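Note that the UniProt record's numbering has the sequence shown beginning at 1, numbered continuously upward.
For each residue, glycine too, the CB sits at the ideal point set by N, CA and C.
Computed from a prediction, not measured in an experiment: that's the story for all the values here.
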Amino acid sequence: MAGTDVVALLMCQHGDIRNLFDEVERSEGEERRSAFHRLVRLLAVHETAEEEVVHPFTRRSVPDGEHVVADRLAEERQAKEVLARLDGMDTDDPKFLAELHVLRLDVAAHARAEERYEFPHVRRHAGPDRLASMATAVRAAEATAPTRPHPGTESAPANLALGPVTALVDRVRDAIRKATG
Numbered sequence: 001m002a003g004t005d006v007v008a009l010l011m012c013q014h015g016d017i018r019n020l021f022d023e024v025e026r027s028e029g030e031e032r033r034s035a036f037h038r039l040v041r042l043l044a045v046h047e048t049a050e051e052e053v054v055h056p057f058t059r060r061s062v063p064d065g066e067h068v069v070a071d072r073l074a075e076e077r078q079a080k081e082v083l084a085r086l087d088g089m090d091t092d093d094p095k096f097l098a099e100l101h102v103l104r105l106d107v108a109a110h111a112r113a114e115e116r117y118e119f120p121h122v123r124r125h126a127g128p129d130r131l132a133s134m135a136t137a138v139r140a141a142e143a144t145a146p147t148r149p150h151p152g153t154e155s156a157p158a159n160l161a162l163g164p165v166t167a168l169v170d171r172v173r174d175a176i177r178k179a180t181g
């Protein structure tokens with residue numbers, strides 16, 4: 001169940017991310033802009049939560065966990081850089097969909113790698129209670145996470161140190177963007 005198991009929760013979000021990519025690609029104008037902002041927010045909070053909750057568990061509890069996490073962080077960094085470029089673009093820009101396609105490929109490869117190389121180990125090394133508490137921690141991390149990409153903050157210490165201030169700034173920007181259209 002997505003509500004009680006961190007792996008199910010994150011895999012459900014992977015599906016939501018795929019659906020948002022579809023929505024951004026097939027829409028235009030304000031509809032595209034709105035869908036893209038929802039995609040940016042979900043990607044930002046999802047990755048922050050993984051960096052704060054899942055990756056530290058993997059490092060500590062999974063054989064060769066440090067290597068598994070290093071590979072995931074490299075993928076996340078690459079996707080965040082593309083996402084940051086896109087976030088600075090107008091969704092009507094002629095280059096937008098081509099950049100979005102690059103991001104979609106990066107995010108899909110990253111999600112597949114998590115689902116293949118990290119999540120099965122998390123499920124194997126964490127009992128049901130631990131999986132449930134990690135799901136709760138992921139939801140809490142997402143509630144306070146930055147809502148925009150910030151390349152270079154792909155570690156739990158960086159997220160915990162910079163996250164609250166960055167999240168506040170992001171949420172103010174989001175409110176201004178929403179109020180001004």
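Annotated three-state conformation of M11 is helix, per DSSP. Here the C-alpha atom of R26 lies approximately 13 Å from the C-alpha atom of R18. Taking all protein chains shown into account, R104 has 16 or more neighbouring C-beta atoms within 10 Å of its C-beta and is therefore buried. For V24, the CB contacts under 7 Å within the same chain, skipping 5 residues up- and downstream, are R32, A35, F36, L39, L100 in chain order. Judged by their CB atoms, V45 and H125 are not nearer to each other than the 7 Å cut-off. Within the same chain, and ignoring the five residues on either side of H55 in sequence, the residues whose Cβ sits closer than 6 Å to its Cβ are V69. DSSP places D16 in the helix class (H, G or I) of the three-state scheme. Cα atoms of S133 and D92: separation of roughly 42 Å, rounded to the nearest angstrom. For the pair V107 and A79, the CB atoms are nearer than the 7 Å cut-off.
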